[in-house]
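Novice:
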Amino acid sequence: MLVAIAATLFSSGKLDLELIAIGFIIGGSIGALFATRIQMTEMPQMVAIFNGFGGGASALVASSTFLTSPESKFLIVCISVLIGTLTFSGSFIAFGKLQGFISGKPIVFKGQQFLNALAFSAIIILLSINNLGILDSQSIFYAVLALSFLLGIGLVVPIGGADMPVVISLLNSYSGIAATATGFLIGNNGLIISGSLVGASGLILTNIMCKGMNRSLANVIFGAVGLEVASGDGSQKEMNIKSYSTTEAAMILDSAEKIIIVPGYGLAVAKAQHVAREVADTLKAQGKKVLYGIHPVAGRMPGHMNVLLAEADVSYDLLKDLDEINPEFEDCDVALILGANDVVNPAARHDQSSPIYGMPILNVDKSRTVIINKRSMNPGFAGIQNELFGYDNSIMVFGDAKDMLNDLLKEIKEL
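The sequence shown runs 1 to 415 under full-length UniProt numbering.
(1) Evaluate Y265 with the Cβ neighbour count: other Cβ atoms within 10 Å of its Cβ, from every protein chain shown; 16 or more gives buried, anything less gives exposed.
(2) If we ignore side chains and look at the alpha-carbon of each, how far apart do N130 and G154 end up?
(3) Should P44 and H304 be called a contact, given that it needs their Cβ atoms to be closer than 8 Å?
(4) Please state whether DSSP places V108 in a helix, a strand or coil.
(5) What does a CB cutoff of less than 7 Å around I294 pick up in its chain, not counting 5 residues either side in sequence?
(6) Using beta-carbon positions only, say whether M359 and M164 come within less than 8 Å of one another.
(7) Under the assumption that E328 contacts I260 (Cβ atoms under 8 Å), give the Cβ distance between them as a whole number of angstroms.
(8) Quick one: what's got a C-beta closer than 7 Å to K284's C-beta in the same chain, skipping five residues either side?
(9) Write down the C-beta distance between A270 and K402 rounded to the nearest angstrom, noting that I regard them as a contact closer than 8 Å.
(10) Which full runs of the beta strand (DSSP E) of 3+ residues lie inside the segment 245-277, going along the chain?
(11) If you count every other CB in all the chains shown that lies within 10 Å of the CB of N386, and 16 or more means buried, which is it?
(12) Tell me which residues share the same chain as N116 and place their Cβ nearer than 7 Å to its Cβ, disregarding the 5 neighbours each side in the sequence.
(13) Can you find the residues in the same chain that come closer than 7 Å, C-beta to C-beta, to E238, ignoring five residues on each side of it along the sequence?
(14) Pull the bridge partners of T369 from the DSSP assignment, please.
(15) Measuring only the C-alpha atoms, how far is T85 from G176?
(16) Identify whether Y316 lies in helix, strand or coil by the three-state DSSP scheme.
(17) With C-beta atoms as the reference, is I221 less than 8 Å away from I159?
(18) Identify every residue that forms a DSSP beta bridge with I241.
(19) Return the chain-ordered list of same chain residues with a C-beta closer than 8 Å to the C-beta of I102, the five sequence neighbours on each side being excluded.
(20) At the level of alpha carbons, what is the spacing between A348 and R375?
(21) To the nearest angstrom, report how far apart E18 and I140 are at their CA atoms.
(22) Do E71 and S128 count as a contact pair if the criterion is CB distance below 8 Å?
(23) Let me check understanding here. Comparing Cα to Cα, which of K211, T282, D392, N406 lies closest to L338?
(24) Shortest alpha-carbon distance to V47 belongs to which of R300, G104, T282?
(25) Just mark I241 as buried or exposed, buried being the case when its beta carbon has 16 or more other beta carbons within 10 Å.
(26) What do you reckon, are the CB atoms on T247 and I412 nearer than 8 Å?
(27) Sort G111, L145, P106, Q113 by Cα distance to I124 and report the nearest one.
(28) Specify the secondary structure class of S394 as computed by DSSP and reduced to three states.
(29) Can you tell me which of the three DSSP states L291 falls into?
(30) Can you tell me where the alpha helix (DSSP H) with Y357 in it begins and where it stops?
(31) Measure the C-alpha to C-alpha separation of P346 and L336 and round it to an integer number of angstroms.
Here's what the structure looks like:
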């Protein structure tokens, strides 16, 4: 977007090097400050913000072009404003959900999708009547700007936290498409090419994320998964929960030969990736085989767990994706679940009434023993009970992931 803004200034002939330098220094300093101070656990929020800034920059460039030449390429101006503004408002709603400023659960109300459809239809109608003289171009432009802003909010608020990886990749694609539209607007081939690459890669990643949940994009956007639902017939099933101490869990790990660690969002929240790596290294030093099972939609952005573990210097060779790791559970002694929930719920395989039915999961239940670390028995973002917790081969170790792993590490070293 820096290229787009610079190209706009050059093409307008109003080049003020001092103003450009001031903007570059201020913007670059703010960006560098965010990038250096951000915690790896907060990377999804940062990606969401940057997506929003990318869309907002496209909308600003288009707005500048319109204000300079109101009748020049008006349709492309409005398309760029539509996508850019939608991306901006939607990305900051996603940021609010991830940061906890807004409820992570779907926010829905009666007639919500109708209002979204009405806003989009109004934008199409406004663009269609531009040449009919019913409204002047300035009124149409500002109406499209306002409706696009509201549409971005309306499309993201009904999406739950568990679907944020899809939303972030989709918004990333939108920011690329907005940049492409801006490139056409100002005649910048470099921006067209780079925007197209971002847009296409974002759509491909969105498709991969949807396949990882066995859901369509329409279901993600309109399904409101996680909205206070119960699994099965709507009643909570009785489960025999076995709560163990870290000492008992350490003894189980001590007798195991093959261990698979499954990280989830709880690991990210607790910022426990470093101590998780220490536990794994200690177990490997004792001659045990340790692997990591990574679900494609674990966490709150694409590759969230990979980023966290890479930051903790976990060898990439130990990170196994869904297809690679699932056969390994058959002869696994212990599956250690750290803050993962819906992605290990066996109901996805057999309970047709479950909202996660059909979603590929990590088959941790096929391990000889499953050690599950969670803060409480509260459901995940899908809002359903996890039947894995009551399985005969499952035990629960309650508590913050970082505190639990620190205690576990101490116990393992003392055995």
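Backbone N, C-alpha and C fix where the C-beta goes; we use that ideal spot for every residue, glycine too.
These numbers come from a predicted model, not from an experiment.
Specialist: This is what the structure gives:
(1) buried
(2) 25 Å
(3) yes
(4) coil
(5) M305, N306, L319, K320, D321
(6) no
(7) 6 Å
(8) V290
(9) 4 Å
(10) 258-263
(11) buried
(12) L151, G154, L155
(13) none
(14) V334
(15) 13 Å
(16) helix
(17) yes
(18) None, per the DSSP bridge assignment.
(19) I93, G96, V157
(20) 22 Å
(21) 34 Å
(22) no
(23) N406
(24) R300
(25) exposed
(26) no
(27) L145
(28) strand
(29) strand
(30) That residue, Y357, is in no alpha helix (DSSP H); it is neither H nor E in DSSP.
(31) 16 Å
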